[in-house]
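Structure record follows, encoded as structure tokens.
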Amino acid sequence: MTNLPRVTVWNEYRHEKLHAEVAAIYPAGIHEALASHLRSQGVAVCTATLDEPEHGLTQEALAETDVLIWWGHMAHAEVQDEIVDRVYRRVLDGMGLIVLHSGHFSKIFRKLMGASCDLKWREVGERERIWVVEPGHPIAEGLGEYFEIPHTEMYGERFDIPAPDTLVFISWFQGGEVFRSGCCFHRGRGKIFYFRPGHETYPIYHQPEVLRVITNAVRWAAPVAGPPVRFGHVPRPRELLRTP
Ligand code: ZN
Numbered sequence: 004m005t006n007l008p009r010v011t012v013w014n015e016y017r018h019e020k021l022h023a024e025v026a027a028i029y030p031a032g033i034h035e036a037l038a039s040h041l042r043s044q045g046v047a048v049c050t051a052t053l054d055e056p057e058h059g060l061t062q063e064a065l066a067e068t069d070v071l072i073w074w075g076h077m078a079h080a081e082v083q084d085e086i087v088d089r090v091y092r093r094v095l096d097g098m099g100l101i102v103l104h105s106g107h108f109s110k111i112f113r114k115l116m117g118a119s120c121d122l123k124w125r126e127v128g129e130r131e132r133i134w135v136v137e138p139g140h141p142i143a144e145g146l147g148e149y150f151e152i153p154h155t156e157m158y159g160e161r162f163d164i165p166a167p168d169t170l171v172f173i174s175w176f177q178g179g180e181v182f183r184s185g186c187c188f189h190r191g192r193g194k195i196f197y198f199r200p201g202h203e204t205y206p207i208y209h210q211p212e213v214l215r216v217i218t219n220a221v222r223w224a225a226p227v228a229g230p231p232v233r234f235g236h237v238p239r240p241r242e243l244l245r246t247p
């Protein structure tokens, strides 16, 4: 890969077409809000959406993607299993995957986690404080001890995921719940980051701290060069051929 990772931002892109209040916040779609910020940081970005052929995630598109960002909510079931398997194989092969907000229930995230990924939720526009619990982690670079989102949907524990390899953020909500908001996983050669913020009716993907985390996560999740991975039967070493 190149020094600057090639990113594809995938968005289900339904709420923006169906709900005027969402379109007012994201007139060109959530994917374009994220893509334009990443482009301003010098990252090469493509976008893909559910209603494109193969959901915009062709073999060629994925082969040229170092990090895939995933936003989905109301149409998880419409994502074809064949495309999910294709993304899954690319992650095991080293492609980074950043799953945002309601993507916790996407087919690809549940397949990679091997768990229900269920959680509690409430939508009353309450305040969220996101605490950095791993301050030396590259995804937390440039942040303070915490940052706040003034109005958001609450997600609460239990979040039914395997224990993350690294937990970077824990959220507190005004109603008292807590949530593991920034979770790192490894699957095969691929790195996965789940990041909670992003309900579609709030301007969360215009907030600088949130965009900073996503940009940091792109850098973290990008593939690194390394030795090939081989599996299967291994020939007997020469030394053992001589043993009686
Ligand atoms: Zn939501």
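Position 107 of the sequence shown, counted from 1, bears residue number 110 in our numbering, the numbering being contiguous throughout. Glycine is no exception: its CB is placed at the ideal position from the N, C-alpha and C atoms.
Per DSSP, cross-strand counterpart(s) of residue i
i, result
"leucine 100", "Leu71, Ile195"
"valine 48", "Val10"
"methionine 157", "Arg125"
"phenylalanine 162", "Beta-bridge pairing links phenylalanine 162 to no other residue."
"valine 136", "DSSP, once it has assigned bridges, lists no residue as partnering valine 136."
"threonine 169", "Cys187"
For residue i, the nearest candidate out of the options (CA to CA)
i, options, result
"proline 126", "Leu115, Arg241, His58, Gly201", "Inspection of the sequence shows that residue 126 is occupied by glutamate rather than by proline. For glutamate 126, the nearest C-alpha among the options comes from Gly201."
"tyrosine 149", "Trp134, Arg192, Val87", "Trp134"
"phenylalanine 112", "Arg92, Ser39, Cys49", "Arg92"
"leucine 214", "His236, Thr169, Gly145", "Gly145"
"histidine 104", "Asp69, Ile207, Ala143", "Ile207"
"alanine 78", "Gly185, Glu180, Asn14", "Asn14"
"arginine 9", "Gly99, Gly179, Lys114", "Gly99"
"lysine 123", "Ala225, His40, Gly159", "Gly159"
"glutamate 156", "Val46, Arg89, Arg132, Ile164", "Arg132"
"arginine 222", "Ser174, Ser184, Asp69, Ser39", "Asp69"
Buried versus exposed call for residue i [16 or more other C-beta atoms within 10 Å across all chains shown]
i, result
"arginine 245", "exposed"
"threonine 227", "Correcting the residue identity first, residue 227 is valine in this sequence and not threonine. Valine 227 should be labelled exposed."
"glutamate 242", "exposed"
"serine 109", "buried"
"aspartate 168", "exposed"
"phenylalanine 234", "exposed"
Three-state secondary structure assigned by DSSP to residue i
i, result
"arginine 9", "strand"
"threonine 61", "coil"
"threonine 218", "helix"
"tyrosine 149", "strand"
"glycine 229", "coil"
"phenylalanine 234", "coil"
"histidine 189", "strand"
"arginine 183", "strand"
"serine 174", "strand"
"glutamate 212", "helix"
Let me have the residue list for the ligand ZN: C-beta closer than 5 Å to any non-hydrogen atom, ordered along the chain. Ser105, Glu156, His202
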